[in-house]
Amino acid sequence: MGNICFKRHRHKPATIRQAVWLYFRFSLSFRDVEEILAERGVDVSYEAIRSWTRKFGPQIARNLKRRRPVPSPRWHLDEMVSRIEGKHMYLWRAVDDEGEVLGTTVHRRRDAAAATSFLAKLSRDQPVKPQTITTDGLRSYVAAAEKLGVVWLHRPGRLRENNRIENSHLPIRQRERQMLGFKSQVSAQRFLTTHAAIYNTFYTQRHLTARAALREFRATAHQAWQAAAS
Numbered sequence: 001m002g003n004i005c006f007k008r009h010r011h012k013p014a015t016i017r018q019a020v021w022l023y024f025r026f027s028l029s030f031r032d033v034e035e036i037l038a039e040r041g042v043d044v045s046y047e048a049i050r051s052w053t054r055k056f057g058p059q060i061a062r063n064l065k066r067r068r069p070v071p072s073p074r075w076h077l078d079e080m081v082s083r084i085e086g087k088h089m090y091l092w093r094a095v096d097d098e099g100e101v102l103g104t105t106v107h108r109r110r111d112a113a114a115a116t117s118f119l120a121k122l123s124r125d126q127p128v129k130p131q132t133i134t135t136d137g138l139r140s141y142v143a144a145a146e147k148l149g150v151v152w153l154h155r156p157g158r159l160r161e162n163n164r165i166e167n168s169h170l171p172i173r174q175r176e177r178q179m180l181g182f183k184s185q186v187s188a189q190r191f192l193t194t195h196a197a198i199y200n201t202f203y204t205q206r207h208l209t210a211r212a213a214l215r216e217f218r219a220t221a222h223q224a225w226q227a228a229a230s
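Okay, so the sequence shown: first residue is 1 according to the numbering used here, each after it adds one.
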């Protein structure tokens with residue numbers, strides 16, 4: 001795991017870690033994080049917080065991803081449209097059947113080539129091979145499954161069974177509104193990749209979890225964060 005270097009920064013590493021955690025963990029703007037830190041006696045500008053999230057967020061996300069257990073082999077894929085730089089772009093996303101985000105790719109198109117590229121990258125990046133791949137009825141997924149030779153795993157048009165990923169779009173929509181939209185394809189990809197790793201670490205199905213178990217999950221998540229951000 002790569003160590004995070006905080007040299008040549010005026011503020012303490014604990015302050016930087018807290019700012020990065022607040023921004024990616026909750027639906028807060030840079031100015032919101034600035035206000036929270038100011039209430040705690042830390043004088044820092046929102047521009048400094050922006051630079052911290054850009055520099056340290058991806059590094060911490062990579063460390064967190066290395067610590068994650070193997071996800072479920074039952075995948076759910078879907079795409080959501082987003083307006084970036086005045087153009088419609090598509091956020092291709094995948095989660096497992098427990099809601100963990102497996103991957104996100106920002107693409108200009110919604111065709112078979114984009115679907116094939118996303119599914120191929122997803123297969124390379126995951127430590128486990130899929131047992132099922134559930135999607136909506138988009139024909140691009142059928143073409144991608146045929147090209148990659150996983151037709152026998154593909155379950156297209158399963159709308160009710162694909163509710164898992166439909167619901168997982170909601171936090172992204174919430175952040176998109178808070179950020180007043182993604183500013184560019186590159187910045188959207190960087191944010192979504194970092195957000196996914198931190199979201200997975202702290203995600204719990206609270207309505208299905210006993211209070212004692214929830215406390216244990218939270219403690220484990222914070223321990224993972226401290227290790228990844230040190």
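Note that CB positions come from ideal geometry on N, CA and C, so glycine has one too.
Neighbour flag for residue i against chain B, beta carbons, 8 Å
{"i": "L77", "result": "In the structure shown, chain B cannot be found, because there is only a single protein chain."}
Distance between residue j and residue i (C-alpha atoms, nearest Å)
{"i": "E146", "j": "D125", "result": "20 Å"}
{"i": "G149", "j": "A120", "result": "11 Å"}
{"i": "R164", "j": "E98", "result": "8 Å"}
{"i": "Q59", "j": "H154", "result": "34 Å"}
{"i": "A229", "j": "Y23", "result": "14 Å"}
Local Cβ density within 10 Å of residue i, reported as buried at 16 or more and exposed below that
{"i": "A219", "result": "exposed"}
{"i": "A196", "result": "buried"}
{"i": "L102", "result": "buried"}
{"i": "L170", "result": "exposed"}
{"i": "T204", "result": "exposed"}
{"i": "P71", "result": "buried"}
{"i": "T209", "result": "exposed"}
Extent of the continuous alpha helix (DSSP H) run through residue i
{"i": "L64", "result": "Y46 to R67"}
{"i": "K87", "result": "From DSSP, K87 is part of no alpha helix (DSSP H) but of the beta strand (DSSP E) over K87 to D96."}
{"i": "R124", "result": "A112 to D125"}
{"i": "V101", "result": "Taken as a continuous stretch (DSSP letters only), V101 belongs to no alpha helix (DSSP H), being part of the beta strand (DSSP E) at V101 to H107."}
For residue i, the three-state DSSP class (helix, strand or coil)
{"i": "K7", "result": "coil"}
{"i": "R218", "result": "helix"}
{"i": "S27", "result": "coil"}
{"i": "E79", "result": "strand"}
{"i": "T194", "result": "helix"}
Residue i: CB within 7 Å of a non-hydrogen atom of the ligand COA
{"i": "D32", "result": "No copy of the ligand COA appears in this structure; indeed no ligand is present at all."}
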